[in-house]
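Here the structure comes first, spelled out in structure tokens, and everything after it is commentary.
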Amino acid sequence: MELTSIHPGVYLLYYFIMVLFAFIFSDPYFVVTFLVLLLVLIALQGVSHELKNIMKLFIPLSVLIMILNPLLNRTGAHKIYLWSGFFITYEAIAYGILMSLALLIVILVFSSYNRSVSYQEMLYIFSKKLPIISMIIVMALRFIPLINSRAIEVQKLNSLKSNGVELEGEDEERIDVDAFNSNINTDYNSKLVDKLKSNKRIAAIIKEAKTLGKIMGITVSWSLEESMFTAKSMKARGYNATERTSYLSYKFSNADFAFIALIIVTVGIIIVGLLHGVGMINIYPSIDFRFSNLPFNIYYLAFIVFLLPLIYLEIKERILWH
Amino acid sequence: MSAMDEMLTNMTASSTGVVDTPIFSITLIIFLIILLAGIIYAVFKMYENKKPPVESIVLIAVLTAIATVGRIILMSIPAVNMASFIIIMVGVVFGKEEGFLVGALTAFVSGLFMGMGYWVLFQMLAWGLMGASAGILASRFDNVGFRIVFGLLWGFLYGWITDISAIFYSGTALEITPIIALYLNGVSYDLTHGVTNAVLLVVLYDWFKKMFTRAKVKYLSGHSSDSESISLSD
Chain A
248 MELTSIHPGV YLLYYFIMVL FAFIFSDPYF VVTFLVLLLV LIALQGVSHE LKNIMKLFIP
308 LSVLIMILNP LLNRTGAHKI YLWSGFFITY EAIAYGILMS LALLIVILVF SSYNRSVSYQ
368 EMLYIFSKKL PIISMIIVMA LRFIPLINSR AIEVQKLNSL KSNGVELEGE DEERIDVDAF
428 NSNINTDYNS KLVDKLKSNK RIAAIIKEAK TLGKIMGITV SWSLEESMFT AKSMKARGYN
488 ATERTSYLSY KFSNADFAFI ALIIVTVGII IVGLLHGVGM INIYPSIDFR FSNLPFNIYY
548 LAFIVFLLPL IYLEIKERIL WH
Chain B
453 MSAMDEMLTN MTASSTGVVD TPIFSITLII FLIILLAGII YAVFKMYENK KPPVESIVLI
513 AVLTAIATVG RIILMSIPAV NMASFIIIMV GVVFGKEEGF LVGALTAFVS GLFMGMGYWV
573 LFQMLAWGLM GASAGILASR FDNVGFRIVF GLLWGFLYGW ITDISAIFYS GTALEITPII
633 ALYLNGVSYD LTHGVTNAVL LVVLYDWFKK MFTRAKVKYL SGHSSDSESI SLSD
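Here the protein sequences come in this chain order: A and B. Just so we're aligned, residue 248 is where the first sequence starts under the working numbering, counting upward by one. Just so we're aligned, residue 453 is where the second sequence starts under the working numbering, counting upward by one.
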């Protein structure tokens, strides 16, 4: 529970600008500052399970970019000869590393966004412009656990049936799983299919996939039937009779105005800096970055201030709670 | 190998020559994202303006949920999902608009589960187009060969469209190398996706078509927004 609640629209604007900045900045000092402050924010917000999953995909991709970029890209003034005639360029290496960092920053920004804005809040923003679509999304979110539980039930039934357990009940009421077997069309007899079927491992996979398809199909037809009860019920209770209202309601508070003011001021300064070329470096054809060019100016300060408010809110919350 | 190297170097040199200024690629990204959001918003708005009956709304919601479950239950196996198959079937049976809606909403709803990002926009477009194209080409789907080609092709097209989202990570200019790296990284993934689609379209097509057609005939025909009144004889 947040003590200082920020309007979801403000969050959306803030994170959108953050993503744009991740694209724009290429000066290593700015990029590293961005990364460090984001990591602090995420450490305060807590590392989510999804982030770990995404990182598994991200690491091989970034390694591939870092290796392939110098190998394929030979533009650049500073050549490093590995052996006679074969060279890679300093620029290409720098470019590969900076690009991977930008990729990392974008992933982290969205991970942090998912922590700050819940899906109800996001749908609250959409529901004003697209009421029916957000209605569909909310309904779909409700149907997912329902379909899941149905699929588990069908799977239980299927495993009972395949173990030879006869089910109690009237003949008409019994769900005949064997009848559904005939629905799956596997009568494509050819030499290739026969050859594939003769392989034991593939046969096992085919059997597994068949079961999965069967369970999925039964669940789908069941859910389609059941969903119409929902529709009838909605109609009977007067859906569309009047305009719907939202469960959540947000009003702009003083904190929101302060947040927006901060965003406008800092982004304004940063944009002036960008127009003067602060925060961006040219990599090709020749890298124009030196570590001695310390970026201690107003633009860098504005950049840091722009990234701080959420960290401030998190820390304030901790102090208030403990 | 060396010839290919040389070719790639030349390509890089020529491409950086055209789009060297950083501002170009940044405006391009913003333009592209706004364009994408605009396209998806326009389709959604078109559907809203039709004032769809309750049955249509519930049907799209349940189909979206089914497709999302088809993606989530197979999350542990990379690249294999049933969502694409369901979206194609929705496009074939219910039409191109429903196909687009279910495709786009599936990407959005599973994004809510698996983490939101701006790449969700590209997934929405890719799956939406998958459903819409299936709706447009619906009459040819009784041909098995066509189904296989369609499933395989969309495995790759989906990968290519969603990979666009990752091309623009670079802070400076558009480059050919990261694109190659990305697409090399994605080939096996796309192939698996395509093969899954093709197999499902061959094996389960008839059954799902029967099921969806039944739902369509039963619930959607004869209902228009004018006849919204509740008949007591029901």
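Yeah, the Cβ is synthetic: ideal placement off N, Cα and C, and Gly gets one too.
Ordered along the chain, which non-local residues of its own chain (more than five positions away) have a Cβ less than 8 Å from that of ALA584/B?
As a working mapping, residue 584/B is identified with position 132 in the second sequence. GLY543, LYS548, GLU549, GLY551, PHE552 and GLY555.
Is it buried or exposed, ARG523/B, if we count other Cβ atoms within 10 angstroms and call 16 or more buried?
Taking the first residue of the second sequence as position 1, residue 523/B is located at position 71. Buried.
If you count every other CB in all the chains shown that lies within 10 Å of the CB of HIS254/A, and 16 or more means buried, which is it?
Here residue 254/A is taken as the residue at index 7 of the first sequence, counted from 1. The residue is buried, with at least 16 neighbouring Cβ atoms inside 10 Å.
At 8 Å on the CB atoms, spell out the chain A contacts of TYR499/B, in chain order.
As a first step, residue 499/B is located in the second sequence; it is residue number 47 there, counting from the start. By Cβ distance, chain A contributes ILE379 and ILE380.
Quick one: grab the DSSP three-state call for PHE272/A.
Indexing the first sequence from 1 puts residue 272/A at position 25. Correct three-state label for PHE272/A: coil.
Under the three-state DSSP convention, the category TYR328/A falls into
Mapped onto the first sequence, residue 328/A falls at position 81. Correct three-state label for TYR328/A: strand.
Taking only beta-carbon positions, decide if TRP612/B is within less than 9 Å of chain A.
Against the second sequence, residue 612/B aligns to sequence position 160. False, the Cβ-Cβ gap to chain A never drops below 9 Å.
Once you ignore the five residues that flank ALA559/B on each side, which residues in its own chain have a CB closer than 7 Å to its CB?
As a working note, residue 559/B is residue 107 in the second sequence. Cβ within range, chain order: VAL572, GLN575, MET576 and TRP579.
Using the beta-carbon of each residue, which ones in chain A are nearer than 7 Å to ASN637/B?
Translated into the one-based positions of the second sequence, residue 637/B becomes position 185. Within 7 Å Cβ-Cβ: LEU308 and LEU311.
According to a CB-to-CB cut-off of less than 8 Å, which residues of the region 475–497 of chain A neighbour chain B?
MET475, THR477, ALA478, LYS479, MET481, LYS482, ALA483, TYR486 and ASN487
Between the C-alpha atoms of ASN446/A and SER309/A, what's the straight-line distance to the nearest angstrom?
Position 199 of the first sequence, counted from the start, is the residue given in the question as residue 446/A. Position 62 of the first sequence, counted from the start, is the residue given in the question as residue 309/A. Whole-angstrom Cα-Cα distance: 38 Å.
How is the alpha helix (DSSP H) around ILE562/A delimited, first residue to last?
Numbered from its first residue, the first sequence carries residue 562/A at position 315. From DSSP, the alpha helix (DSSP H) with ILE562/A extends over 556–568.
Beta bridge counterpart(s) of ILE335/A as assigned by DSSP:
In the first sequence, the residue the question calls residue 335/A occupies position 88. Note: ILE335/A sits in a beta bridge opposite ILE327/A.
Spatial distance of VAL514/B from GLY587/B (CA atoms)
Taking the second sequence and counting its residues from 1, the one referred to as residue 514/B is at position 62. Taking the second sequence and counting its residues from 1, the one referred to as residue 587/B is at position 135. Using only the alpha carbons, I get a separation of about 19 Å.
Is the beta carbon of ARG491/A sitting closer than 9 Å to the one on PRO378/A?
As a first step, residue 491/A is located in the first sequence; it is residue number 244 there, counting from the start. As a first step, residue 378/A is located in the first sequence; it is residue number 131 there, counting from the start. The answer is yes: Cβ separation under 9 Å.
Backbone secondary structure at ASP594/B - three-state DSSP:
Residue mapping note: residue 594/B aligns to position 142 of the second sequence, counting from 1. In this structure, ASP594/B counts as coil in the three-state DSSP scheme.
How would you label PHE333/A, buried or exposed, when you count the other beta carbons within 10 angstroms and need 16 or more for buried?
For the purposes of this step, residue 333/A is taken as the residue at position 86 of the first sequence. So PHE333/A counts as exposed.
Suppose you measure from the CA of ARG362/A to the CA of VAL552/A; what does that come to, to the nearest Å?
Numbered from 1 along the first sequence, position 115 holds the residue referred to as residue 362/A. Numbered from 1 along the first sequence, position 305 holds the residue referred to as residue 552/A. The straight-line gap from Cα to Cα measures roughly 21 Å.
How about GLY603/B and THR648/B: do their beta carbons lie closer than 9 Å?
Taking the first residue of the second sequence as 1, we reach residue 603/B at position 151. Taking the first residue of the second sequence as 1, we reach residue 648/B at position 196. Yes, they are a contact pair.
Per DSSP, what kind of secondary structure is ILE539/B in: helix, strand or coil?
Position 87 of the second sequence holds residue 539/B. Note: ILE539/B maps to helix in three-state DSSP.
Out of curiosity, what's the CA-to-CA distance linking TYR641/B and SER347/A?
In the second sequence, counting from the first residue as 1, residue 641/B sits at position 189. In the first sequence, counting from the first residue as 1, residue 347/A sits at position 100. In a straight line, the C-alpha of TYR641/B is about 21 Å away from that of SER347/A.
Whole-angstrom Cβ separation of ILE394/A and VAL521/B, contact assumed at under 8 Å?
As a first step, residue 394/A must be located in the first sequence, where it is residue number 147. As a first step, residue 521/B must be located in the second sequence, where it is residue number 69. The pair is a contact, with the Cβ atoms about 5 Å apart (cut-off 8 Å).
I'd like the list of long-range same chain contacts for SER381/A, defined as Cβ closer than 7 Å, with 5 residues on each side in sequence excluded.
In the first sequence, counting from the first residue as 1, residue 381/A sits at position 134. LEU370, PHE373 and SER374.
Please decide whether ARG599/B counts as near chain A, where near means a Cβ-Cβ distance under 9 Å.
Translated into the one-based positions of the second sequence, residue 599/B becomes position 147. It does not: the Cβ of ARG599/B has no partner Cβ on chain A nearer than 9 Å.
Should VAL519/A be labelled buried (16 or more other beta-carbon atoms within 10 Å of its own) or exposed?
Within the first sequence, residue 519/A is the residue found at index 272, counting from 1. Under this definition VAL519/A is an exposed residue.
Where GLY569/B sits in the DSSP three-state scheme:
Reading the second sequence from its first residue, position 117 is the one you call residue 569/B. GLY569/B: coil per DSSP, three-state reduction.
In this structure, how does DSSP classify LEU634/B when only helix, strand and coil are distinguished?
The sequence position of residue 634/B within the second sequence is 182, counting from 1. LEU634/B: helix per DSSP, three-state reduction.
Evaluate the contact criterion for the region 594–609 of chain B versus the region 272–282 of chain A: three or more CB pairs, one atom per stretch, below 8 Å.
no
Hey, is PHE553/A's beta-carbon within less than 9 Å of any beta-carbon in chain B?
Walking along the first sequence from the start, residue 553/A turns up at place 306. No, its Cβ sits nowhere closer than 9 Å to a Cβ of chain B.
Own chain residues within Cβ distance below 6 Å of GLU419/A, not counting five before or after
By 1-based counting over the first sequence, the position of residue 419/A is 172. Here the model assigns GLU419/A a pLDDT of 46, short of 50, so the residue's position is not dependable, and the following value carries that caveat. Correct list: empty, nothing qualifies.
Does any C-beta atom of chain B lie closer than 9 Å to the C-beta of VAL257/A?
For the purposes of this step, residue 257/A is taken as residue 10 along the first sequence, with counting starting at 1. Chain B, which has no Cβ nearer than 9 Å to the Cβ of VAL257/A, makes this no.
How long is the line joining the alpha carbons of ILE558/A and SER539/A, rounded to whole angstroms?
Here residue 558/A is taken as the residue at index 311 of the first sequence, counted from 1. Here residue 539/A is taken as the residue at index 292 of the first sequence, counted from 1. Using only the alpha carbons, I get a separation of about 29 Å.
So SER470/A contacts chain B; which residues on that side make the cut at Cβ distance below 8 Å?
Position 223 of the first sequence, counted from the first residue, corresponds to residue 470/A. The answer, in chain order, is VAL514, ALA517 and ILE518.
Exposed or buried, LEU652/B, counting other C-beta atoms within 10 Å across all chains shown (16 or more means buried)?
Numbered from 1 along the second sequence, position 200 holds the residue referred to as residue 652/B. With 16 or more other Cβ atoms within 10 Å, it is buried.
Step through the CB atoms of chain A and report whether any lies within less than 9 Å of the CB of MET568/B.
Translated into the one-based positions of the second sequence, residue 568/B becomes position 116. True, the Cβ-Cβ gap to chain A drops below 9 Å.
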